[in-house]
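J.: Residue numbers (this note's numbering), protein chains in the order written: chain A, 1 to 255; chain B, 1 to 255.
Glycine included, C-beta positions come from ideal geometry on N, C-alpha and C.
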């Protein structure tokens with residue numbers, strides 16, 4: 001099977017033009033097939049605020065009412081996605097920007113209301129990569145925004161780490177998939193203030209211990225849970241790192 | 001050659017959910033390959049206003065400074081485009097939403113500043129339909145937003161009628177192309193207040209007369225100029241009509 005590298009970028013890496021440029025320069029150096037999944041960073045929050053909408057987050061997840069869904073559709077599907085596409089084209093990569101609605105790529109359902117009503121947030125049901133594979137074989141670089149749909153016309157806001165893991169899992173039926181979660185830190189840190197405290201190899205039982213001890217917390221937990229699930233379902237390698245270390249392969253490796 | 005129907009929708013048809021639904025229901029009935037090009041209607045103006053940006057139009061064209069470019073990228077490339085894609089998927093059509101930057105589809109240059117500085121408005125240089133044809137052959141329905149790029153990383157705002165005509169012209173090398181400019185009127189009207197005054201067949205010399213007399217004016221002029229140019233370059237049929245008459249083929253036919 002051919003190699004396919006999936007890079008998920010989020011946080012400051014997509015918010016700051018310089019950081020994004022640096023990432024895309026690293027991305028260009030990756031040989032073989034590649035695919036980019038992006039979050040929206042704080043851009044959606046900034047645009048929402050300008051539009052007079054208040055951002056509410058629960059456990060790092062955005063409460064998405066119908067007005068906020070319009071904002072994330074604009075920001076993730078339009079602004080961030082198409083800027084990245086244009087920037088990749090400028091670097092000689094033939095990119096195409098997609099959401100989970102395009103090609104019926106990612107089918108999801110609206111998260112049921114329990115204690116919390118997340119609004120138009122989608123949990124993934126199904127991934128269809130037929131057209132994606134066709135394009136990857138033509139050396140097209142897909143750029144995926146964190147939006148899905150319910151196949152009945154409703155767009156949904158879905159976590160970008162989840163989308164990266166789900167795509168990696170499904171694509172591992174066709175490619176040897178290397179999944180890199182790329183953000184501003186060098187990997188999973190035992191002490192968030194100390195970049196030298198990177199855990200280089202992390203297995204599931206260690207992760208569960210760290211989680212129980214509160215050493216690993218917040219947004220890192222779903223990222224790692226997604227990562228371990230993908231690893232168990234056949235993704236070749238999963239690395240959590242920063243843009244500078246895409247090429248060195250240094251960072252936290254799930255084992 | 002296979003038949004390919006290109007529908008360009010704009011005006012109230014994209015602004016009003018009911019009108020858009022009606023259009024998409026008609027669009028579903030078209031047999032053979034099809035492609036949709038959309039404008040943004042007044043949605044960009046509404047969003048810009050909410051963001052505190054003033055919309056300036058010259059001859060029906062939007063002055064696009066860098067902030068307005070962000071708005072049209074969000075609204076055309078994200079909000080309007082992805083809503084249409086999700087709505088087509090709901091109707092069983094396998095749609096993909098694209099801009100001119102995706103697949104390097106439409107290369108443009110920033111319009112030179114003369115008396116008027118249009119800002120980040122792009123005039124089309126080149127159309128590349130390789131990947132588009134590949135997808136059309138897979139029965140994918142492309143949905144194109146009116147954005148282009150300069151291949152150096154700059155997105156540009158480009159008139160949707162122009163995009164439809166340029167795509168129709170290039171795709172007529174591969175398909176028998178039927179291009180429908182679809183809006184709220186039944187066609188070109190000799191009296192804008194009288195729907196019964198439709199000109200059913202319009203040739204270039206009649207158009208030039210009507211233009212000189214001021215009978216045809218405003219946004220209809222570039223639409224028709226684009227249309228006649230596409231017709232002369234090999235597009236099979238060009239019709240200006242409303243959603244209801246896509247199936248009947250009644251409206252203004254360029255001859």
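#1: Could you give the DSSP three-state label for residue 77 of chain B: helix, strand or coil?
#2: Is there a C-beta anywhere in chain A that falls below 8 Å from the one on residue 102 of chain B?
#3: Can you pull the chain B residues whose beta carbon is under 8 Å from the beta carbon of residue 87 of chain A, in chain order?
#4: Got a sec? Which residues, its chain only, sit under 6 Å from residue 179 of chain A by beta carbon, not counting five neighbours each side?
#5: Whose Cβ in chain A lies nearer than 9 Å to the Cβ of residue 135 of chain B?
#6: Anyone know if the C-beta pair for residue 71 of chain A and residue 53 of chain A falls short of 8 Å?
#7: Please return the same chain residues whose Cβ sits closer than 7 Å to the Cβ of residue 24 of chain B, not counting the five positions on each side in sequence.
#8: Could you tell me which residues DSSP pairs with residue 59 of chain A in its beta bridges?
#9: Of the choices A:82, A:78, A:146, A:120, whose alpha-carbon is the least far from that of residue 256 of chain A?
#10: So which of B:34, B:140, B:144, B:66 has the shortest CA-CA distance to residue 10 of chain B?
#11: Nearest chain A C-beta to residue 248 of chain B closer than 8 Å, yes or no?
#12: Closest to residue 115 of chain B by CA distance: which of B:63, B:188, B:217 is it?
#13: Between the segment 123 to 143 of chain B and the segment 199 to 209 of chain B, can you find at least three pairs of beta-carbon atoms closer than 8 Å?
#14: For the segment 71 to 83 of chain A, enumerate the residues whose C-beta is nearer than 8 Å to any C-beta of chain B, in chain order.
#15: Anything in chain A within Cβ reach of residue 171 of chain B, meaning under 9 Å, just list it in chain order.
#16: CB of residue 99 of chain B to nearest heavy atom of the ligand SAH: below 7 Å?
#17: Which residue comes first and which comes last in the alpha helix (DSSP H) that contains residue 127 of chain A?
#18: Classify residue 190 of chain B as buried or exposed, calling it buried when 16 or more other Cβ atoms lie within 10 Å of its own Cβ.
#19: Mind listing the chain A neighbours of residue 140 of chain B? Cutoff is C-beta to C-beta under 8 Å, in chain order.
#20: When the cut-off is 8 Å and only beta carbons count, does residue 38 of chain A lie next to chain B?
#21: Expressed to the nearest angstrom, what Euclidean distance is found between the alpha-carbon atoms of residue 129 of chain B and residue 165 of chain B?
T.: Based on what the coordinates show:
#1: helix
#2: yes
#3: Result: 153.
#4: Result list for residue 179 of chain A: 6, 168, 235, 238, in chain order.
#5: 103, 131, 134, 135
#6: yes
#7: 87, 88, 91
#8: Note: residue 59 of chain A sits in no beta bridge, so no partner.
#9: Since the first residue of chain A shown is 1 and the last is 255, residue 256 of chain A is not available in this structure.
#10: B:144
#11: no
#12: B:63
#13: no
#14: So the list reads 73, 74, 75, 76, 77, 78, 79, 81, 82, 83, given in the order they occur along the chain.
#15: Per Cβ cutoff of 9 Å: no residues; residue 171 of chain B is ~18 Å from chain A at best.
#16: Of ligands this structure carries none, so the ligand SAH is not represented either.
#17: Run containing residue 127 of chain A: none in the alpha helix (DSSP H); it sits in the beta strand (DSSP E), 122 to 127.
#18: Looking at its Cβ environment, which holds fewer than 16 other Cβ atoms inside 10 Å, residue 190 of chain B is exposed.
#19: 103, 131
#20: Residue 38 of chain A has a beta carbon lying at 8 Å or more from every beta carbon in chain B.
#21: 14 Å
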